[in-house]
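Only one structure is covered here, and it is reproduced in the block below.
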Amino acid sequence: MAAPPSHPSDTDTTAPIANLKDPPSSSQSMKPSPTPTYASSESSTYYLSAKALLNEGSFEDALATIEEGIESFKSDLLQLGMSEDDAALHESMAPFHYLYGTTLLYSIEESSDTQKIAQQHESPENPEEDGENAPEDDSQIAWENLDIARAIVERMIASPDAPDKLKLDLAQIYLREGDLHKMNGKYENAIGDYESCLRYRQDNPAIGPYDRKIADVHYNLGLSRLMLVAEANAAGEEEAMDEATQRFMAQHRAQSFHNFYTCARTLSGQLANICGLDAFEFIAKCESDIPNFKSTGEEDYTVDHPKMAGVKLRKLREHVANLSPPLEDSHTFHEIRELLDEIQETIDEAETSEQGVREMADLKAEIRAMVAGAVAEEESTEGGGVTTQIGFGSSEAAATTAAAQPLMAVKKKKRPVDDQSDSAKKPRSE
């Protein structure tokens, strides 16, 4: 509530980190400033520089640069006679708020990984001493920024002449908000966000049925649904559930297997394309070889019996094993094959134990990054697409954001003077 996304890939972003405070020349100062737009924000030095910094892992510098961009564009809008409230929700603000929220997500994710490593070596006598820059605070700020971006883009796509690109941008914002909710255990909210993302992506002519962006969302939907059920079981709530709630949880579990299989099916179709085959024909041949399976009466196009999902995926993997990719695509091919193996293990483990899914998700968290990393390679269409592992917010708050008084939802941190880029940091794709 997991823009706006349609930005060029960060790996293609080579904009220098310019001196953003250079005053304009006298000839420039005589010209009236053009009205800022959504597109002018995306192409601004502030935005491109922040993306480059994010790609380097320089999160604080990226956040500070985005703040400068927000202030600069807001100043231009105010000089044109716009009110504070209208300027805060102007279309030119959406890309900055999306990028700010996304940068915080990466920062939280990296901080969480570092914290886990530190806790393994931390003695009980020396717990963390303060809560400065607490992840939950950053999560709240990230969600506020993403939701401001969502409200602006939703208003823009209401126009009859809104381009399809904006719908992809909105899908990306929903993906990010789903990631926030998922990290914070708000699984029902995450499911709603991912379903919205999937709807906009599936309806967009720029994304085909075997696109990795579709696979990415299905994987996150499957994981969120299983985690929702696992959490209820772990809390001992299952016995206390009424019949309707038990049916609701059973439906989520069945839908999760459908999501996992659809993710694998989509990736298998892409492997067929890599090998020069027609994806539709390849998948049809795979599924025609699936043995008859006694139905439970529950299966339809949105749910799968866990055992059936496992059988179907094994058949897909058998056919994929016989494919021969071109040499130049062999790395991508084998990487996707490894993803299929991981999904198979997840389905097989989940078939017997939701708690096993929770443990396996911890051990294999990189699968999400791998799927998302594959998505990032194709960002020439959508522009920022990695799926983080995090989530926040509430559906009630999301519903009121558009009508709420606009917030300056930034951290207002002082940029460290001595900070140098850490050579150990890995580049990130936005």
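In the UniProt record's numbering, the protein residues as written are 1 to 430.
Ideal placement from N, C-alpha and C gives every residue a C-beta, glycine not left out.
A contact is defined here as three or more CB-CB pairs under 8 angstroms, and the stretch 174-194 fails this definition with respect to the stretch 240-249. Only exposed fits SER288, as fewer than 16 other CB atoms lie within 10 angstroms of its CB. Between HIS97 and the set ASP137, ALA250, VAL153, GLN202, the nearest pair of CA atoms involves VAL153. Spatial neighbours of SER196 in its own chain (CB-CB distance under 7 angstroms, excluding positions within 5 residues in sequence) are listed in chain order as TYR174.
Straight through space, the alpha carbons of PHE59 and LEU53 are spaced by roughly 7 angstroms. Taking PRO95 as reference, the option from SER107, GLU109, ILE148, GLY57 with the minimal CA-CA separation is ILE148.
HIS252 counts as buried, since at least 16 other C-beta atoms from the protein chains shown sit within 10 angstroms of its C-beta. About 17 angstroms separates the CB atoms of ASP61 and ILE108; that is not less than 8 angstroms, and the two are not in contact. Annotated as proximal: TYR200 and ALA171, with beta-carbon spacing under 8 angstroms. Taking a 10 Å sphere around the C-beta of SER324, we find fewer than 16 other C-beta atoms and assign the residue as exposed.
The way I'd put it, the stretch 213-230 does touch the stretch 252-272; three or more beta-carbon pairs between them come closer than 8 angstroms. By a beta-carbon distance limit of 8 angstroms, GLY178 contacts TYR194. Their separation comes to about 4 angstroms. Between ASN273 and TYR210 a beta carbon distance of about 7 angstroms is seen, short of the 8 angstroms cut, so the two are scored as contacting. Listed in chain order, the non-local C-beta contacts of ASP329 below 7 angstroms within the same chain comprise ILE274, local neighbours out to five positions each way being set aside.
By the neighbour-count criterion, in which a residue is buried when 16 or more other Cβ atoms sit within 10 angstroms of its Cβ, PRO205 is exposed. Secondary structure in the stretch 264-289: the alpha helix (DSSP H) runs of 4 residues or longer, each lying completely within the stretch, are 279-288 in chain order. Going by DSSP, MET183 is part of the alpha helix (DSSP H) stretching over 164-183. Collapsing the DSSP output to three states places ALA151 in a helix.
For a cut-off of 8 angstroms, the C-beta gap from HIS90 to PRO34 is around 13 angstroms, too long to register as a contact.
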